[in-house]
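Residue numbers (this note's numbering): 20 to 393.
Ideal Cβ placement from N, Cα and C applies to all residues, glycine included.
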Ligand code: HMG
């Protein structure tokens, strides 16, 4: 049975900071950001937008192309930016999407890797229950402290994928190479909003884990690296994906996978799959029948290299124009606003949400979401 991605869509915040502004206020040469790390803008989240509100928007877009959403009996919310250690963020999404009551809903966490764990789990679930569909929503907001090396690599976004049999975009192949190692390269203790990291170790371990997981993948499959036509990588910043690509595929281009991430920033669990959407939307070549490799990396660390085959006619499932408009129509914020954006209370000034759902208030830890009136 062919199982894989039947529909996919992403969203991010309506607001961004141009990294020219950050460079000038931090007294850094803008070329370091633009060329050195490959980023030009980063999504910034107002207090009424969070991993749930952008997830609902991504999921609604993905479901527009799915006529039998009542087959969804599992919703997996992949995130490392959860605000509640008990209640799953996915339950709010379940409510706004009006999914069936006998749908299993839970969160998965392992840094930027969790959406890939969700994808493997979804594949097994559909293999056991061929009429089921699984909705995966990967959603993260990445924050580093001001003046740190990580500051220009903040961002955030959400990707929603429907996994089913006879998928219309990508059939997942069976084999993958996995590598897990206890490495302290990036972490966020529960009392902190901003992540902590060891720059050099994180870059080293990302590349080392790629070498090992890709090697394990090649040992299992009955083809060679030359049979992987394109590859998408977890992209904490675009230069990282370019380095990864150079390490394993010398002659192929990765640029079309990075167009969206360059202006969104790091979206952690969603990042790899936003790269995939970027490739789908921007490839001049018909990708039907091509093999796409995926490198998923989550600090801490777990890495996995796997692949899928593009389904012919996948173009009918794309929303490339809408995706470009979403990114072009965002509002630029000033540096002063950037410094204060995260500080306002959810009940304060209302900024425009990317979709129809807003975080209206937080009271005693209870998050109250509401549908924006038209
Ligand atoms: P840094 O120390 O600021 O940068 O760290 P650098 O000094 O290494 O410079 C970066 C590049 O810019 C270099 O090029 C410089 O030469 C170049 P490279 O040698 O790499 O090819 N450069 C310039 N180029 C043009 N003009 C200039 C100029 N100056 C320098 N004037 C780093 C950069 C991104 C590592 C830092 O921002 C950071 O630590 N970020 C956070 C951690 C991170 O993203 N790590 C990535 C791997 S771990 C991961 O992906 C997991 C993660 O997503 C979390 C999770 O799993 O949940 C982070």
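Original post:
Roughly how far, in whole angstroms, is the beta-carbon of residue 161 from the beta-carbon of residue 175, given that I think they are within contact range, below 8 Å?
Top reply: The beta-carbon distance between residue 161 and residue 175, rounded to whole angstroms, is 6 Å. This is short enough to meet the 8 Å contact definition.
**OP:** Less than 8 Å between the CB atoms is what I'm expecting for residue 81 and residue 133, so what's the real figure, rounded?
**Re:** Wrong, their Cβ atoms sit about 18 Å apart, outside the cutoff.
**OP:** Identify whether residue 268 lies in helix, strand or coil by the three-state DSSP scheme.
**Re:** Here residue 268 sits in coil by DSSP.
Original post:
For the stretch 277 to 325, which segments carrying the beta strand (DSSP E) assignment without a break, of at least 3 residues, lie completely within its bounds, in sequence order?
Top reply: Within the stretch 277 to 325, the complete beta strand (DSSP E) runs of at least 3 residues are 310 to 317.
Original post:
When you compare only the Cα positions, how much space is there between residue 110 and residue 94?
Top reply: If I take the Cα positions, the gap works out to 9 Å.
Original post:
Using CA coordinates, which residue listed in 379, 262, 201 and 178 is at the minimum distance from residue 230?
Top reply: Of all alpha-carbon atoms in 379, 262, 201 and 178, the one lying nearest the alpha-carbon of residue 230 is that of 262.
Original post:
Any idea what DSSP makes of residue 122, helix, strand or coil?
Top reply: Note: residue 122 maps to coil in three-state DSSP.
Original post:
Can you tell me where the beta strand (DSSP E) with residue 109 in it begins and where it stops?
Top reply: In the DSSP annotation of this structure, residue 109 is not part of any beta strand (DSSP E); the continuous alpha helix (DSSP H) holding it starts and ends at 109 to 116.
**OP:** Would you mind giving the Cβ-Cβ distance between residue 421 and residue 260, rounded to the nearest angstrom? I have them listed as a contact below 8 Å.
**Re:** Because the chain here runs from 20 to 393, residue 421 falls outside it and cannot be looked at.
Original post:
In its own chain, which residues sit with a C-beta less than 7 Å from the C-beta of residue 58, not counting the 5 before and 5 after it?
Top reply: So the qualifying residues of the chain are 38, 52, 171, 172, 256, 257, 281 and 284.
Original post:
Within the present structure, is the beta-carbon of residue 253 separated from the nearest heavy atom of the ligand HMG by less than 7 Å?
Top reply: In this structure, the ligand HMG has a non-hydrogen atom nearer than 7 Å to the beta-carbon of residue 253.
**OP:** Provide the residue span of the beta strand (DSSP E) that contains residue 18, from first to last.
**Re:** Outside the displayed range of the chain (20 to 393) lies residue 18, so it cannot be described from this structure.
Original post:
Nearest CA to the CA of residue 46: which residue from 86, 62 and 168?
Top reply: Looking at the Cα atoms, 168 is the closest of the given residues.
**OP:** Please report how far the alpha carbon of residue 376 lies from the alpha carbon of residue 305, in whole angstroms.
**Re:** Approximately 35 Å between the Cα atoms of the pair.
**OP:** Could you check what DSSP says for residue 154 in three-state terms: helix, strand or coil?
**Re:** In the structure shown, residue 154 sits in a strand (DSSP, three-state: E or B).
**OP:** Check whether the Cβ atoms of residue 316 and residue 228 lie closer than 8 Å to each other.
**Re:** Contact: yes.
**OP:** Work out the CA separation of residue 310 and residue 297 for me, nearest whole Å.
**Re:** Looking at the two C-alpha atoms, the distance is approximately 16 Å.
**OP:** Check whether the Cβ of residue 227 sits closer than 7 Å to any heavy atom of the ligand HMG, and report yes or no.
**Re:** No - the ligand HMG has no heavy atom lying nearer than 7 Å to the Cβ of residue 227.
Original post:
Using the C-alpha atoms, what's the distance from residue 378 back to residue 302?
Top reply: Roughly 36 Å between the two C-alpha positions.
Subject >> Three-state secondary structure assigned by DSSP to residue 357 >> reply: Three-state DSSP puts residue 357 in a helix.
**OP:** Measure the alpha-carbon distance for residue 235 versus residue 292 and round it to whole angstroms.
**Re:** Taking the straight line from one Cα to the other gives about 22 Å.
**OP:** Within its chain, find whatever has a CB closer than 8 Å to the CB of residue 71; leave out the 5 residues flanking it on each side and keep chain order.
**Re:** Cβ neighbours of residue 71 beyond the five flanking positions: 108, 111, 112, 158, 376, 378, 386 and 388.
**OP:** Check whether the Cβ atoms of residue 1 and residue 202 lie closer than 8 Å to each other.
**Re:** It is not possible to answer for residue 1, since the shown part of the chain is limited to 20 through 393.
Original post:
In this structure, does DSSP put residue 62 in helix, strand or coil?
Top reply: Residue state, collapsed to three classes: strand.
Original post:
Touching or not, the stretch 187 to 199 and the stretch 341 to 354, by the rule of three or more beta carbon pairs under 8 Å?
Top reply: As far as the Cβ criterion goes, the stretch 187 to 199 does not touch the stretch 341 to 354, which means the pair count is below three.
**OP:** Could I get the ranges of all uninterrupted beta strand (DSSP E) runs contained in the stretch 170 to 230, with 3 residues as the minimum, in chain order?
**Re:** Entirely contained in the stretch 170 to 230, the beta strand (DSSP E) runs reaching 3 residues are, in chain order, 174 to 184 and 189 to 199.
Original post:
Looking at residue 333 and the ligand HMG, is the gap between the Cβ and the nearest heavy atom below 7 Å?
Top reply: Distance from the C-beta of residue 333 to the nearest heavy atom of the ligand HMG is not below 7 Å.
Original post:
Heavy atom of the ligand HMG less than 7 Å from the Cβ of residue 241, yes or no?
Top reply: No, Cβ of residue 241 sits at least 7 Å from all heavy atoms of the ligand HMG.
Subject >> Integer-rounded CB distance, given that residue 114 should sit under 8 Å from residue 89 >> reply: About 16 Å; that fails the 8 Å criterion.
Subject >> Ranges of the beta strand (DSSP E) found wholly within the stretch 21 to 67, counting only runs of at least 3 >> reply: Under the rule that a run must span 3 or more residues, the beta strand (DSSP E) segments found entirely inside the stretch 21 to 67 read 22 to 30, 34 to 37 and 60 to 63.
**OP:** With residue 135 as the anchor, note down where its alpha helix (DSSP H) starts and where it stops.
**Re:** According to the DSSP assignment, residue 135 belongs to the alpha helix (DSSP H) that extends over 133 to 147.
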